[in-house]
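Contents: one structure, followed by commentary.
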Amino acid sequence: MNACPKSAIRMAEDEYGFVYPQINEELCIGCGACTKACLYQNHPDFHPVQYVYAAASRNDAALRKSASGGAFPVLAEEVLSRSGAVYGCASVLENGRLESRHIRIDKAEDIPLLQGSKYVQSEIGDAYKKAKEDLLLEKDVLFTGTPCQIAGLKQYLKKDYDHLLTVEIICHGVPSQRLFHDFLDFYGKKLGGKITEFYFRDKAKGQGMFSRCVYEDSSGNKKEKTINGYLLAYMFFFLKSYTYRINCYSCPFAQVERTADITLGDYWGFHEEYPQYRESQGLSNSKGISCVLINSEKGKKIWDACQDQFIVLPSTFDKAARHNDQLKKPSVYNPQREILLRIFEKEGYAGIERYFRAHFKKDIVKHAISGAAPKDLKRLVKKVIGRIRPGIID
């Protein structure tokens, strides 16, 4: 869509809300620009991972607003300090509805708009065009997104710009925005109001899967609700990999070599990989730990410039990938996807919620109990189980 010189392509929803390019044949001149820009026909270069770190920002305020260890805001501040621009996914309230879309920022105070996980497909819009305009003006640009969005940017640009830094997230896959909107409408009504902010991952109880929403009740009063994400059908089925765009299950970017200069994600299983490490040493699950993969010389250069702003522990790819499957392979397709999407097409999100309550009662009870248990107790249980399983403990 960004590459088309005649604006003959728009992104249109299918029956499930997933967006695909649609060509207006009356405007199309057959130039082939879209085919050349298509990353599924022309994969960009992949980078072998050079360095792996477990890291957390020393800035507590930035750390609290991040889903994991706060690596992104440090990198963003560095680029903005050079009068650069940062592109990333934000939740934008528009016409009373939360839209997930890529935006451009050039002020440090706007960095929180781009922080936090968004488990929904982001609308790129004209972000590629704007990024190219900045690069042609020789501005430093930091562009963040899923690996396929980074690959799409590179295919669109056709060349590597010295002033461009790309940062990808470790991505499982993406549900559609329509599913997300229906979920917010349903859950808002259940709370007796309208949701104006939604945080997929909130750190009120540490790094984990608690979600928080801000909503206005019928009297216009602002209220908040925090809940174990596994008790929300939207989050539960996302974490089960049941509601992704179909290509996510054959993603060519979920592999050991990466398409961006830097890869960021949660360092899941950190204390299992480093059982002797104590939170008093600086890295803490209660505050969040990032998995940082440095994949290019540009990535290494900015990391070196920022490294003193992090608490860092050098790690290995094998340790990080053991708890992040999408560093090795795509999410696994499950036939439940077709069942859920057919329900959604006919009954909306309310039908998915009913299906969840009817068919996943044991999971609901398990996660309700697990969510109420203290983290230290859960960690102790995992440690005991780990010692029982052969081959887990040396």
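Residue 25 is where the sequence shown starts when you use this note's numbering, and the numbers rise one by one after that.
From the three backbone atoms N, C-alpha and C, an ideal C-beta is built for every residue, glycine too.
Computed from a prediction, not measured in an experiment: that's the story for all the values here.
- Secondary structure within the segment 265-338: the beta strand (DSSP E) runs of 3 or more consecutive residues, fully enclosed, are 286-290, 314-318 and 334-338 (chain order).
- Among the bridge pairs identified by DSSP, K156 is matched with none.
- Short of 7 Å from the beta carbon of V103, and not among the five residues preceding or following it, lie these beta carbons of its own chain, in chain order: V110, D164, L166 and L189.
- Boundaries of the alpha helix (DSSP H) harbouring I363: Q360 to H383, taken from the DSSP string.
- Taking a 10 Å sphere around the C-beta of H126, we find 16 or more other C-beta atoms and assign the residue as buried.
- DSSP places A32 outside both helix and strand once states are collapsed to three, so it counts as coil.
- Rounded to whole angstroms, the Cβ separation of S314 and E303 is 15 Å, and the two are not in contact under 8 Å.
- Of the residues assessed, L138 falls on the buried side of the cut-off, its CB having 16 or more other CB atoms within 10 angstroms.
- In the structure shown, T59 adopts helical secondary structure according to DSSP, grouped into three states.
- In this structure, the alpha-carbon of A100 lies about 8 Å from that of A132.
- With respect to the 8 Å criterion, I388 and L256 are not classified as neighbours on the basis of their beta carbons.
- No Cβ-Cβ contact shorter than 8 Å links I194 with N319.
- Straight-line measurement puts the Cα of C62 at about 10 Å from the Cα of G56.
- Taking a 10 Å sphere around the C-beta of K325, we find fewer than 16 other C-beta atoms and assign the residue as exposed.
- Considering only R346, A95 and N83, the residue with the shortest C-alpha distance to H295 is R346.
- Scanning I219, S107 and P171 for the CA closest to the CA of E118 turns up I219.
- Annotation for G169: the continuous beta strand (DSSP E) segment containing it runs V165 to G169.
- Apart from sequence neighbours up to five positions away, the residues of its chain that approach N358 with a beta-carbon distance below 8 Å are K264, S265 and Y266, ordered along the chain.
- A374 has its alpha-carbon roughly 7 Å from the corresponding atom of F210.
- Excluding sequence positions up to five before and after E240, its CB lies within less than 8 Å of the CB of G217, K218, T220, K246 and K247, all in the same chain and listed in chain order.
- The residues E369, in chain order, have a CB closer than 7 Å to that of E39 in the same chain once the five nearest residues on each side in sequence are set aside.
- Separation of C272 and C113 (C-alpha to C-alpha, rounded to the nearest whole angstrom) is 18 Å.
- When only Cα atoms are considered, C58 and V144 end up about 24 Å apart.
- In the DSSP assignment, the residues bridged to G112 are I127.
- Per DSSP, D150 lies in no alpha helix (DSSP H) segment and is marked neither H nor E.
- H71 counts as buried, since at least 16 other C-beta atoms from the protein chains shown sit within 10 angstroms of its C-beta.
- The residue among K142, I174 and I135 with its C-alpha nearest the C-alpha of L122 is K142.
- Taking the Cα positions, Q333 is about 27 Å away from A155.
- Beyond the five residues adjoining it in sequence on each side, A344 comes within less than 6 Å, by CB distance, of V76 and C315 in the same chain, given in chain order.
- Rounded to the nearest angstrom, the Cβ distance from G232 to G93 is 14 Å, too far for a contact under 8 Å.
- Looking at the DSSP output, L189 shares a beta bridge with L166.
- Around the beta carbon of S124, a 10 Å sphere encloses 16 or more other beta carbons of the protein chains shown; the residue is thus reported as buried.
- Ranked by Cα distance from Y291, the options S242, T283 and S308 are led by S308.
- In the DSSP secondary-structure assignment, S81 is bridged to F334.
- Of the residues Y185, W327 and C275, the one whose Cα lies closest to the Cα of L160 is Y185.
- Taking every protein chain shown into account, the CB of G41 has 16 or more other CB atoms within 10 angstroms, so this residue is buried.
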